[in-house]
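Novice: Numbering (this note's numbering), first residue to last: 95 to 300.
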């Protein structure tokens with residue numbers, strides 16, 4: 095495991111920094127959308143969708159690059175092929191998100207709803223505040239979930255844990271594509287016409 099962190103720590107750190115930038119971007123968008131609308135949620139959801147797509151694009155870019163670098167080493171025989179390595183890197187980069195989700199669910203299970211001032215309730219409030227700041231790109235979705243299911247706090251806590259799944263899936267897919275020298279939009283790219291072979295004229299005469 096030590097070798098894994100030594101080899102991939104820079105990419106895990108890059109993904110963490112990217113999330114910091116994406117969450118700041120998401121919070122700004124959601125706050126602007128909230129200020130611009132009145133009793134409507136579609137603008138906030140749209141802002142969160144845009145911020146989330148931006149974040150997932152950053153995840154894709156980092157792990158596609160890592161997959162491409164590993165492909166070169168695999169082709170030269172210096173490294174064995176590990177198709178699920180990108181998923182593991184994404185999981186490591188999302189450890190803070192996973193821990194926050196587990197803490198949210200755990201404190202929610204032991205807290206007394208009738209007495210939120212107890213220790214578990216206070217910890218849960220702090221965790222939810224941190225989640226809002228650290229996962230700002232999802233703020234619009236979380237706000238909408240509170241509106242739709244205000245009487246189901248456990249479902250909301252579970253949502254905060256499951257919300258990391260898209261980043262894990264995108265990360266795993268991006269690495270696999272890079273490892274196989276493929277791109278997500280490759281099927282839609284225009285192919286260049288084949289160049290005529292040297293030494294042959296257009297009319298078939300030498």
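Backbone N, C-alpha and C define an ideal beta-carbon position, used for all residues, glycine too.
Note that the coordinates shown come from a computational prediction; the quantities given were computed from them, not determined experimentally.
Going by Cα to Cα distance, which pick from 136, 200, 154, 224 is closest to residue 181?
Specialist: Selected option, being the one with the closest Cα: 154.
Novice: According to DSSP, simplified to helix, strand and coil, what is residue 275?
Specialist: Residue 275 falls in the coil class under three-state DSSP.
Novice: Over what stretch of residues does the alpha helix (DSSP H) that includes residue 122 continue unbroken?
Specialist: Where residue 122 is concerned, the enclosing alpha helix (DSSP H) stretches over 96-130.
Novice: Enumerate, from N- to C-terminal direction, the unbroken alpha helix (DSSP H) stretches of 4 or more residues contained entirely within the region 223-278.
Specialist: Counting whole runs of 4 or more residues, the region 223-278 contains the alpha helix (DSSP H) stretches 233-242, 247-256, 259-273.
Novice: How do the region 162-170 and the region 241-253 stand: do at least 3 beta-carbon pairs fall below 8 Å, yes or no?
Specialist: As far as the Cβ criterion goes, the region 162-170 does not touch the region 241-253, which means the pair count is below three.
Novice: Do you know whose CA, among 130, 231, 267, lies nearest residue 147's CA?
Specialist: When each option's Cα is compared against that of residue 147, the closest is 231.
Novice: If you draw a straight line from the alpha carbon of residue 195 to that of residue 116, how long is it in whole angstroms?
Specialist: Residue 195 and residue 116: Cα-Cα distance of roughly 19 Å.
Novice: Identify, in the order they occur along the chain, each residue of the same chain with its Cβ nearer than 8 Å to the Cβ of residue 256, setting aside the five sequence neighbours on each side.
Specialist: Once the five neighbours on either side are set aside, the close Cβ partners of residue 256 are 195.
Novice: Return the first residue and the last residue of the alpha helix (DSSP H) that residue 151 is part of.
Specialist: From DSSP, the alpha helix (DSSP H) with residue 151 extends over 136-169.
Novice: For residue 177, name the three-state secondary structure that DSSP assigns.
Specialist: Of the three classes helix, strand and coil, the one that applies to residue 177 here is coil, per DSSP.
Novice: Measuring CA to CA, which of 222, 173, 220, 229 is closest to residue 101?
Specialist: Residue 173 is the option with its Cα nearest to residue 101.
Novice: Who are the near neighbours of residue 114 in its chain, counting only those whose CB is closer than 7 Å to its CB and skipping five residues on each side?
Specialist: Cβ neighbours of residue 114 beyond the five flanking positions: none.
Novice: In chain order, what residues of the same chain lie with their CB nearer than 7 Å to the CB of residue 185, ignoring the 5 residues before and after it?
Specialist: Correct list, in chain order: 262.
Novice: Write down the C-beta distance between residue 234 and residue 141 rounded to the nearest angstrom, noting that I regard them as a contact closer than 8 Å.
Specialist: Residue 234 to residue 141, Cβ: 5 Å. Contact.
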